[in-house]
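Protein chains in written order, with this note's numbering: chain A, 55 to 609; chain B, 0 to 176. All C-beta atoms in this analysis are idealised placements derived from N, C-alpha and C, irrespective of residue type, glycine included.
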């Protein structure tokens, strides 16, 4: 009679603990996942803060391209990363010092190489060690664990073909540096690679993609809280903007935002004109000639790429083991000028991206593995497999990759990374960084993306291509540094349908070059290509001798 | 008489204990698992949009498919706060010691989906915009039904599976290509 109840009670006695344990287990899993998600977000936010700090510093500094000031900017960015991550994690009881032990590396990928910010053992040589032995106030002690920037690593690759043995350093755009020996000749050269160029030696005209590139009227910008309230003519040489005072002298703006008069002035030509765009295309034409005719590198392919020991490079694989790039099999001709070299899907670009990825991946794996030697946390640090979309971000922009590993999150150990890119900085001029101002003479004119629908027919000779960084707010200090003023170099307004919100932009083209080729009215193409060339040519280049370079504009 | 009453009570009790209790317990766990899936999917979706600056129809469909695979129906609400720097520029022009004030305007789910479905298939965002998504279930899950049947604590419109995530867009996305 009562056996139903007994059965039920027995059943409950068995089921209840199972159910409770199961419920608790799922609960723990949920908590772990919650924590993991919140850590991911915190890491993303801290990484963004760091790259934003880098962006702000470079935008407000005219010397940000020069190596020691770049190191300063990057160390400041690393500091803001740790400050931000400590603020974010404060609730969990972690402070900045503790968290530093869980960050095996911060990787700043820049224009032509990258920095790794990570702890290392500061090994002093014997002589220095002896000198410092009795000095108790020395900053560094031998064998100490120091966190800092490791030497800059270039995106470079060695190629061996017959008697040719060269190292090519790539960048985020089509700029390359070639060093080594080609067919018995020593080379040390650098320049931009462009296809579709023609040059008429007698008239000196350069044509790019059917558009004649010529000088443009001098550029103008507002500066700070100047009582003149007006615009200053400027030229940008090797990353520094030189402004022209009304009395004909030139000055620069210092990092603290004050005027720095220049003792020498520039050629009077630059009072009214700017030929940086023209120089970009003309020099690219000369560079192409040198590569093909003088150095004979035209037949170099991806299969000639070797590592430092002369062995072929290993294939690049994604996280599932599929081959992304096969150096031996891809057969990409690097200097294939008949292949629209500047377009994203060219042989050159496929190979360039593979090399950058190869260099970053290999160096990073080593850095993370080495962290186990200096790390104080008992956790085997390993390089997580980066997702393909993250590689896309890394390979096309300035980027910060941060790693956070070894924190306990309940059921497991946290092992996360974050990749945040930035496309508004002084490091690189991408195809998307140029905006078109409708009428440069009207302060209330709008600026547009190149792909704004209908822009082909609405631009004219008063339109101007502007680098996106120049629309950013800048700071300007008074001489006594009592007050900080804010100003915009350009007061043009962002278009509401293509800049503020991108609702009215052209679709269905594969890249900007194809898009511009599709228009019959070539005014837009001319303005855009001139601006792109001008901004790229004006950037700081390590390869150039700064004194020789600026001297060209003085006479 | 008394015996048969006890038998009936016993059978009902046994049925509840042997069938309904495990069923409730299992359906609760199912909801937990769904919650786990939905939360992960939402965070991944939002973070992907935030860090690439692109919201594409393909990404949205994949997200929708992933959460619907849990067997429930969901209400997905998205919001883009578009940063408008233009008013800030005008303020700075008037007084350069002031930092210009930025203005945001919002685009909601229906407007976002309209843009995505207009052949554009991509909504490009820019650095400084904000993007957020919240998801909640619209059907009554088995666990909710059972709970409502026994102790009617929860009203009919409440949800048990919900997730939300949002934040700054960190990169300029480009539409079109």
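* Could you check how far apart the C-beta atoms of residue 360 of chain A and residue 367 of chain A are, in whole angstroms? I think they sit under 8 Å. => Position 306 of the first chain, counted from the start, is the residue given in the question as residue 360 of chain A. Position 313 of the first chain, counted from the start, is the residue given in the question as residue 367 of chain A. The beta-carbon separation of residue 360 of chain A and residue 367 of chain A, rounded to 7 Å, stays under the 8 Å limit for a contact.
* **Classification of residue 179 of chain A by the beta-carbon crowding that lies within 10 angstroms, buried from 16 upward** => Stepping through the first chain from its first residue, residue 179 of chain A is reached at position 125. By the 10 Å Cβ count, residue 179 of chain A comes out exposed.
* For the 8 Å Cβ check, are there 3 or more pairs between the region 551-561 of chain A and the region 467-483 of chain A? -> Judged by Cβ distances under 8 Å, the region 551-561 of chain A makes no contact with the region 467-483 of chain A, as fewer than three pairs qualify.
* **Inter-stretch contact (C-beta, 8 Å, three-pair minimum) for the region 45-55 of chain B and the region 86-98 of chain A** => In short, these stretches touch, since the Cβ pair count reaches three.
* Quick one, which of A/80, A/89 and A/165 has its alpha-carbon nearest residue 593 of chain A's? -> The count along the first chain starts at 1 and reaches residue 593 of chain A at position 539. Among A/80, A/89 and A/165, the Cα nearest to that of residue 593 of chain A is on A/165.
* Counting only beta-carbon atoms, is residue 548 of chain A nearer than 8 Å to chain B? -> Within the first chain, the letter at position 494 stands for residue 548 of chain A. Yes, residue 548 of chain A lies at the interface with chain B (some Cβ there is under 8 Å from its Cβ).
* Cα separation between residue 107 of chain B and residue 85 of chain B? -> Position 108 of the second chain, counted from the start, is the residue given in the question as residue 107 of chain B. Position 86 of the second chain, counted from the start, is the residue given in the question as residue 85 of chain B. If you take the alpha carbons of residue 107 of chain B and residue 85 of chain B, they lie about 22 Å apart.
* Asked: Using the beta-carbon count (16 or more within 10 Å), is residue 175 of chain B buried or exposed?
  -> In the second chain, the residue the question calls residue 175 of chain B occupies position 176. No answer about residue 175 of chain B holds up, because its pLDDT of 48 lies below 50 and its placement is not dependable.
* Just list the alpha helix (DSSP H) runs in the region 169-209 of chain A, keeping only unbroken ones of 4 residues or longer that don't cross its boundaries, in chain order. => Here the runs fully enclosed are 180-186.
* Are residue 196 of chain A and residue 587 of chain A close, meaning C-beta to C-beta below 8 Å? -> Position 142 of the first chain, counting from 1, holds the residue named residue 196 of chain A. Position 533 of the first chain, counting from 1, holds the residue named residue 587 of chain A. No. Outside cutoff.
* Asked: Got a sec, what are the start and stop residues for the beta strand (DSSP E) residue 32 of chain A sits in?
  -> The requested residue 32 of chain A does not occur in the structure, where chain A is confined to residues 55 to 609.
* Asked: Does residue 76 of chain A come within less than 8 Å of chain B when only Cβ atoms are used?
  -> Residue 76 of chain A sits at position 22 when you count from the first residue of the first chain. So, interface residue.
* Asked: Does the pairing of the region 414-434 of chain A with the region 122-129 of chain A give three or more beta-carbon distances under 8 Å?
  -> No, the region 414-434 of chain A is not in contact with the region 122-129 of chain A.
* Asked: I think residue 513 of chain A touches residue 227 of chain A, with their Cβ atoms under 8 Å apart; what is that distance to the nearest whole Å?
  -> Here residue 513 of chain A corresponds to residue number 459 of the first chain, with the count starting at 1. Here residue 227 of chain A corresponds to residue number 173 of the first chain, with the count starting at 1. Not confirmed; about 24 Å, so no contact.
* Using the beta-carbon count (16 or more within 10 Å), is residue 318 of chain A buried or exposed? -> The count along the first chain starts at 1 and reaches residue 318 of chain A at position 264. Counting of Cβ neighbours within 10 angstroms places residue 318 of chain A among the exposed residues, the total staying below 16.
* **Contact check, residue 52 of chain B vs residue 171 of chain B, beta carbons under 8 Å** => Counted from its first residue, the second chain places residue 52 of chain B at position 53. Counted from its first residue, the second chain places residue 171 of chain B at position 172. With a cutoff of 8 Å on beta-carbon distance, residue 52 of chain B and residue 171 of chain B are scored as near each other.
* To do: Take residue 143 of chain A and list the residues in its own chain whose beta-carbon comes closer than 7 Å to its own, dropping the five residues that flank it on each side.
  => Position 89 of the first chain, counting from 1, holds the residue named residue 143 of chain A. Closer than 7 Å at Cβ, skipping near neighbours: 96 and 153.
* Asked: Would you say residue 176 of chain B reaches chain A, if we count a Cβ-Cβ gap shorter than 8 Å as a contact?
  -> Start at 1 with the first residue of the second chain, and residue 176 of chain B comes out as number 177. Below a pLDDT of 50, predicted positions are generally treated as unreliable, and residue 176 of chain B, at 43, falls in that range; no measurement from the model is reported.
* To do: Could I get the ranges of all uninterrupted alpha helix (DSSP H) runs contained in the region 217-296 of chain A, with 4 residues as the minimum, in chain order?
  => Taking only runs of at least 4 residues, no alpha helix (DSSP H) segment lies wholly in the region 217-296 of chain A.
* To do: Note down, in chain order, each residue of its chain lying with its Cβ closer than 7 Å to the Cβ of residue 507 of chain A, except the 5 sequence neighbours on either side.
  => As a first step, residue 507 of chain A is located in the first chain; it is residue number 453 there, counting from the start. Annotation for residue 507 of chain A: 558, 559 and 560 place their beta carbon closer than 7 Å to its own, counting only its chain and skipping 5 residues before and after.
* May I ask you to list the residues that DSSP assigns as paired with residue 458 of chain A? => Position 404 of the first chain holds residue 458 of chain A. Residue pairing from DSSP places residue 458 of chain A in a beta bridge opposite A/470.
* Asked: List, in order along the chain, the chain B residues whose C-beta lies closer than 7 Å to that of residue 610 of chain A?
  -> Outside the shown range of chain A (55 to 609) lies residue 610 of chain A, about which nothing can therefore be said.
* In the DSSP assignment, find the beta strand (DSSP E) that holds residue 626 of chain A and state where it starts and stops. => What the structure shows of chain A is the stretch from 55 to 609, and residue 626 of chain A is not part of that stretch, so it cannot be assessed.
* To do: Would you kindly work out how many angstroms separate the C-alpha atoms of residue 9 of chain B and residue 2 of chain B, rounded to a whole number?
  => The residue labelled residue 9 of chain B in the question sits at position 10 within the second chain. The residue labelled residue 2 of chain B in the question sits at position 3 within the second chain. For residue 9 of chain B and residue 2 of chain B, the distance between alpha carbons rounds to 10 Å.
* To do: Note the first and the last residue of the continuous alpha helix (DSSP H) segment covering residue 30 of chain A.
  => Residue 30 of chain A falls outside the range modelled here, since chain A spans only 55 to 609, and no answer is possible.
* Cα-Cα separation, residue 432 of chain A to residue 459 of chain A -> Locating residue 432 of chain A in the first chain gives position 378, counting from the first residue. Locating residue 459 of chain A in the first chain gives position 405, counting from the first residue. Looking at the backbone, the Cα of residue 432 of chain A and that of residue 459 of chain A are separated by about 11 Å.
* Asked: Between residue 218 of chain A and chain B, is there a C-beta pair that is closer than 8 Å?
  -> By one-based count along the first chain, residue 218 of chain A stands at place 164. Not one chain B Cβ lies under 8 Å of residue 218 of chain A.
* Asked: For residue 162 of chain B, which of helix, strand or coil comes out of DSSP?
  -> Start at 1 with the first residue of the second chain, and residue 162 of chain B comes out as number 163. Correct three-state label for residue 162 of chain B: strand.
* To do: Mind checking which residues open and close the beta strand (DSSP E) that includes residue 74 of chain B?
  => Start at 1 with the first residue of the second chain, and residue 74 of chain B comes out as number 75. Taken as a continuous stretch (DSSP letters only), the beta strand (DSSP E) holding residue 74 of chain B covers 73-83.
* Look up residue 543 of chain A in the DSSP assignment and say whether it is helix, strand or coil. => Numbered from its first residue, the first chain carries residue 543 of chain A at position 489. If DSSP states are grouped into helix, strand and coil, residue 543 of chain A belongs with coil.
* residue 47 of chain B: first and last residue of the uninterrupted alpha helix (DSSP H) it sits in -> If you number the second chain from 1, residue 47 of chain B lands on position 48. Element bounds for residue 47 of chain B: 20-51.
* Could you tell me whether any Cβ in chain B is nearer than 8 Å to the Cβ of residue 359 of chain A? => On the first chain, position 305 is the one that residue 359 of chain A refers to. Residue-level contact by beta carbon fails for residue 359 of chain A and chain B, as no gap is shorter than 8 Å.
* Quick one: which chain A residues come within Cβ less than 9 Å of residue 167 of chain B? -> As a working note, residue 167 of chain B is residue 168 in the second chain. Listed by position along chain A, the residues whose Cβ is nearer than 9 Å to that of residue 167 of chain B are 99 and 102.
* In the DSSP assignment, find the alpha helix (DSSP H) that holds residue 330 of chain A and state where it starts and stops. => On the first chain, position 276 is the one that residue 330 of chain A refers to. Under the DSSP assignment, residue 330 of chain A falls in the alpha helix (DSSP H) whose first and last residues are 330-343.
* Pick out whichever of B/128, B/111 and B/127 has its Cα sitting closest to the Cα of residue 120 of chain B. => Your numbering for residue 120 of chain B matches position 121 in the second chain. With respect to the C-alpha of residue 120 of chain B, the residue from B/128, B/111 and B/127 having the closest C-alpha is B/111.
* To do: Find the nearest neighbour of residue 103 of chain A within the set A/357, A/230, A/140 and A/273, judged by alpha-carbon distance.
  => As a first step, residue 103 of chain A is located in the first chain; it is residue number 49 there, counting from the start. The shortest C-alpha separation from residue 103 of chain A is found at A/140.
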